[in-house]
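Structure record follows, encoded as structure tokens.
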Amino acid sequence: MDIIADRLKSLPPYLFMQLRDKIRQAEASGIDLISLAIGDPVEPTPAYIVETLRTAALDPANHQYPTDEHKGMLAFREAVSRWYGRRYEVTLDPETEVLALSGVKEGIHHFIMALVNPGDVVLVTNPGYPAYRSNALMAGAEVYEVPLLAANRFLPVFEDIPEKVCRRVKAFFLNYPNNPTGACADRPFFERLVSWAKERRIQLVLDNPYGEIVFSSDRRLSLLQIPGAKDISVELNSLSKAYNMTGWRIGMAVGSSKIVQAMCKFSENVASGVFNAIQLAGVTAMDQGDQDIENMLAIYRRRRETVLRALTEMGLTVEAGPGTFYLWVPVPAGQSSLKFTAKLLEDAGVLVTPGTAYGQFGEGYFRLSLTVPDDRLREALERMRRTIRKGC
Ligand SMILES: Cc1ncc(COP(=O)(O)O)c(C=O)c1O
258 MDIIADRLKS LPPYLFMQLR DKIRQAEASG IDLISLAIGD PVEPTPAYIV ETLRTAALDP
318 ANHQYPTDEH KGMLAFREAV SRWYGRRYEV TLDPETEVLA LSGVKEGIHH FIMALVNPGD
378 VVLVTNPGYP AYRSNALMAG AEVYEVPLLA ANRFLPVFED IPEKVCRRVK AFFLNYPNNP
438 TGACADRPFF ERLVSWAKER RIQLVLDNPY GEIVFSSDRR LSLLQIPGAK DISVELNSLS
498 KAYNMTGWRI GMAVGSSKIV QAMCKFSENV ASGVFNAIQL AGVTAMDQGD QDIENMLAIY
558 RRRRETVLRA LTEMGLTVEA GPGTFYLWVP VPAGQSSLKF TAKLLEDAGV LVTPGTAYGQ
618 FGEGYFRLSL TVPDDRLREA LERMRRTIRK GC
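Plus 257 on top of the position in the sequence shown (first one is 1) and you've got this note's numbering.
Here's what the structure looks like:
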């Protein structure tokens, strides 16, 4: 008898682990691989944030279980409330509408386990971040995929979802600014979505870790800005991408107190909270880091322009979305995503993500991340140019 649980057997291998394996294999065989495949900023966390961690880590008061372990320190929850107020014009009650998380990824699991019953339907987008689907499957839910197509600006046409499916839907996972397409939602879209979901008693989850990475000033948006959204929605956010803190594992669930409290109850039973010193560093980031966000955006803006110029010269037409540090690039005519990305790896030593890694509607695209140093990015582009010129 196999000792492994069925729920695990239903899961495909996790995409980023496969990519990391490819990078390791290349390194082991001495290949100078340049990876543009993973969205993990190379710039360090700003020094004063690290300094807060250092000081807090030296304080024995922080060596015990985290304060208010089940929901996060009050100081952290208050800072989240200030941050959402200042950056997104959203009012949050730190007592009931904020939960500290070890990053968005943990929040996806907590949400599903707290709300979704076996047999419920969970809506996810395709292409989309794979964790929504895998967590829904682990909970015994059915996954219904909603395509994101260029023709619709990579926004889901939720009105097309059959009513007989909608009747069984518990939750809809959306992610704007969007990984992998770079698309952003606008206010009218969110307004239509909220009234559609309310009529059908569907709970909304906006996965928003790229909320700060927007290249046009009018697009920074929280779903919770929409009147009435808070009744049915939770937003998952983190400091990972905004402050170059992917390794710190610090984030938050905010929104409907009913959902946040349910996630909190689940969390109490499986985790013991986030290290106080990391939460305090998070407070410093949110209170003092606005200028660092601007600096980070300037770096990505510069790299974006370099890449877009180079891709156009290579004959690849890209309609860059207004958000995230990814570019969603059509593969050369006549190629498939997998074939082209495999060729780039083999011929140029450049790793990019095939669009199909995010679902079948990613066919015809590859995703390129701007989170690499400028010189490596330029080198990767030069190698790509040579490969494409050879007719690959
Ligand atoms: C769409 C999306 N959601 C969630 C995450 C995970 O973010 P965190 O570091 O907050 O767990 C990522 C990371 O790349 C992502 O792209």
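Using N, Cα and C, we set each Cβ at its ideal position, and we do this for glycine too.
Original post:
Could you give the residue range of the beta strand (DSSP E) that holds ARG624?
Top reply: The residue labelled residue 624 in the question sits at position 367 within the sequence shown. Note, ARG624: beta strand (DSSP E), 622–626.
Subject >> Residue from ASP377, ASP464, THR382 whose Cα sits closest to the Cα of CYS423 >> reply: Looking up residue 423 in the sequence shown gives position 166. Considering only alpha carbons, the answer is ASP377.
**OP:** Give a single yes or no on whether PRO270 has its beta carbon closer than 8 Å to a heavy atom of ligand 1.
**Re:** In the sequence shown, counting from the first residue as 1, residue 270 sits at position 13. No, the beta carbon of PRO270 sits no closer than 8 Å to any heavy atom of ligand 1.
Subject >> Where the alpha helix (DSSP H) containing GLY539 begins and where it ends >> reply: For the purposes of this step, residue 539 is taken as residue 282 along the sequence shown, with counting starting at 1. Start and end: 533–545.
**OP:** Could you tell me which residues DSSP pairs with THR610 in its beta bridges?
**Re:** The residue labelled residue 610 in the question sits at position 353 within the sequence shown. Its beta-bridge partners are ARG624.
Original post:
From what residue to what residue does the beta strand (DSSP E) around TYR401 run?
Top reply: Working through the sequence shown from its first residue, we reach residue 401 at position 144. That run of the beta strand (DSSP E) goes 399–404.
Subject >> Residues of its chain near ALA499, where Cβ-Cβ distance is below 7 Å and the 5 sequence neighbours each way are ignored >> reply: Reading the sequence shown from its first residue, position 242 is the one you call residue 499. Hits under 7 Å: GLU469, ILE550.
Original post:
Taking the continuous alpha helix (DSSP H) assigned at ASP632, which residues delimit it?
Top reply: Stepping through the sequence shown from its first residue, residue 632 is reached at position 375. It spans 631–646 - the alpha helix (DSSP H) in which ASP632 sits, taken as one unbroken run.
Original post:
Less than 9 Å separating the beta-carbons of GLY508 and LYS487?
Top reply: Here residue 508 refers to the residue found at position 251 when the sequence shown is read from its first residue. Here residue 487 refers to the residue found at position 230 when the sequence shown is read from its first residue. Cβ atoms of GLY508 and LYS487: not closer than 9 Å.
Original post:
How about ALA388: is its Cβ closer than 8 Å to a heavy atom in ligand 1?
Top reply: For the purposes of this step, residue 388 is identified with residue 131 of the sequence shown, where counting begins at 1. Yes, Cβ of ALA388 sits closer than 8 Å to a heavy atom of ligand 1.
**OP:** In the DSSP assignment, find the alpha helix (DSSP H) that holds ASP263 and state where it starts and stops.
**Re:** Sequence index remark: in the sequence shown, residue 263 carries index 6 (1-based). First-last of the alpha helix (DSSP H) with ASP263: 263–266.
Original post:
So is MET665 buried or exposed if we call it buried at 16+ other beta carbons inside 10 Å?
Top reply: Here the chain comprises residues numbered 258 to 649, so residue 665 is not present and cannot be evaluated.
**OP:** Would you mind reading off the limits of the alpha helix (DSSP H) that contains VAL414?
**Re:** As a working note, residue 414 is residue 157 in the sequence shown. That residue, VAL414, is in no alpha helix (DSSP H); it is neither H nor E in DSSP.
**OP:** Determine the DSSP secondary structure at GLN460, reduced to helix, strand or coil.
**Re:** Within the sequence shown, residue 460 is the residue found at index 203, counting from 1. Note: GLN460 maps to strand in three-state DSSP.
Original post:
Do you know offhand how far ASP604's Cα is from ARG281's?
Top reply: Here residue 604 corresponds to residue number 347 of the sequence shown, with the count starting at 1. Here residue 281 corresponds to residue number 24 of the sequence shown, with the count starting at 1. When rounded, the distance between both Cα atoms is 17 Å.
Original post:
Cα-Cα, which of GLY439, PHE472, ASN435, PRO419 is closest to ARG457?
Top reply: The residue labelled residue 457 in the question sits at position 200 within the sequence shown. Looking at the Cα atoms, PRO419 is the closest of the given residues.
Subject >> Bridge-paired residues (DSSP) for ILE291 >> reply: Counted from its first residue, the sequence shown places residue 291 at position 34. ILE291 pairs with VAL607.
Subject >> Chain-order list of residues whose beta-carbon lies under 6 Å from that of ALA519 (same chain, five-residue window excluded) >> reply: Taking the sequence shown and counting its residues from 1, the one referred to as residue 519 is at position 262. Excluding sequence neighbours, ALA519 sits near ALA371.
Subject >> Alpha carbon of ALA396 to alpha carbon of TYR389, nearest angstrom >> reply: The residue you call residue 396 lines up with position 139 of the sequence shown. The residue you call residue 389 lines up with position 132 of the sequence shown. Rounded to the nearest angstrom, the two C-alpha atoms are 11 Å apart.
Subject >> Beta carbon of PRO384 nearer than 9 Å to that of LEU405 >> reply: Along the sequence shown, read from residue 1 onward, the residue named residue 384 stands at position 127. Along the sequence shown, read from residue 1 onward, the residue named residue 405 stands at position 148. In contact: PRO384 and LEU405 (Cβ atoms closer than 9 Å).
Original post:
Who does GLU492 pair with in a DSSP beta bridge?
Top reply: Position 235 of the sequence shown, counted from the start, is the residue given in the question as residue 492. In the DSSP output, where bridge partners are listed per residue, GLU492 has LEU463, VAL511.
Original post:
Does ligand 1 have a heavy atom nearer than 8 Å to the CB of GLY360?
Top reply: Residue 360 sits at position 103 when you count from the first residue of the sequence shown. Yes; taking the cut-off as 8 Å, the Cβ of GLY360 has a heavy atom of ligand 1 nearer than that.
Original post:
Name the DSSP beta bridge partners of ALA357, please?
Top reply: If you number the sequence shown from 1, residue 357 lands on position 100. BP columns for ALA357 point to MET509.
Original post:
What do you reckon, are the CB atoms on GLY619 and PRO611 nearer than 9 Å?
Top reply: Position 362 of the sequence shown, counting from 1, holds the residue named residue 619. Position 354 of the sequence shown, counting from 1, holds the residue named residue 611. Contact flag set, yes.
**OP:** Return yes when the C-beta of PRO466 is under 8 Å from any heavy atom of ligand 1, and no when it is not.
**Re:** Stepping through the sequence shown from its first residue, residue 466 is reached at position 209. PRO466 Cβ: within cutoff of ligand 1.
**OP:** Leaving out five residues on either side along the sequence, give the residues of the same chain with a beta carbon under 7 Å from the beta carbon of SER653.
**Re:** In the structure displayed, the chain extends from 258 to 649; residue 653 sits before or after that span and is not available.
**OP:** Can you tell me which of the three DSSP states VAL347 falls into?
**Re:** What you label residue 347 is simply residue 90 of the sequence shown in a count that begins at 1. Correct three-state label for VAL347: coil.
Subject >> Reduced DSSP category for VAL373 - H, G, I as helix; E, B as strand; rest coil >> reply: Residue numbering aside, residue 373 sits at position 116 when the sequence shown is read from its first letter. If DSSP states are grouped into helix, strand and coil, VAL373 belongs with coil.
Subject >> Spatial distance of GLN617 from VAL517 (CA atoms) >> reply: Reading the sequence shown from its first residue, position 360 is the one you call residue 617. Reading the sequence shown from its first residue, position 260 is the one you call residue 517. Their Cα atoms are separated by approximately 33 Å.
Original post:
Whose C-beta lies closer than 7 Å to the C-beta of VAL609 among residues of the same chain, with five residues either side of it excluded?
Top reply: As a working mapping, residue 609 is identified with position 352 in the sequence shown. If we look at VAL609 and ignore the five residues flanking it on each side, its Cβ neighbours are LEU293, ALA294, THR598, LEU601, PHE623, ARG624, LEU625.
Original post:
Going by C-alpha distance, which of TYR467, ARG343, VAL381, TRP585 is nearest VAL482?
Top reply: Here residue 482 refers to the residue found at position 225 of the sequence shown. Before going on, a small fix: residue 482 reads as Gln here, not Val. Of the listed residues, the one whose Cα sits closest to GLN482 is ARG343.
Subject >> Buried or exposed (CB count within 10 angstroms, at least 16 for buried), GLN321 >> reply: Taking the sequence shown and counting its residues from 1, one reaches residue 321 at position 64. With fewer than 16 Cβ atoms within 10 Å of its Cβ, GLN321 is classed as exposed.
Original post:
So, do the stretch 434–451 and the stretch 311–326 have three or more beta carbon pairs nearer to each other than 8 Å?
Top reply: no
Subject >> Cβ-based burial, MET330 [other Cβ within 10 Å; buried from 16] >> reply: Numbered from 1 along the sequence shown, position 73 holds the residue referred to as residue 330. Buried: at least 16 other Cβ atoms inside 10 Å.
**OP:** Identify whether LYS328 lies in helix, strand or coil by the three-state DSSP scheme.
**Re:** Here residue 328 is taken as the residue at index 71 of the sequence shown, counted from 1. If DSSP states are grouped into helix, strand and coil, LYS328 belongs with coil.
Original post:
Which residue comes first and which comes last in the alpha helix (DSSP H) that contains ASN392?
Top reply: Reading the sequence shown from its first residue, position 135 is the one you call residue 392. Its alpha helix (DSSP H) spans residues 387–395.
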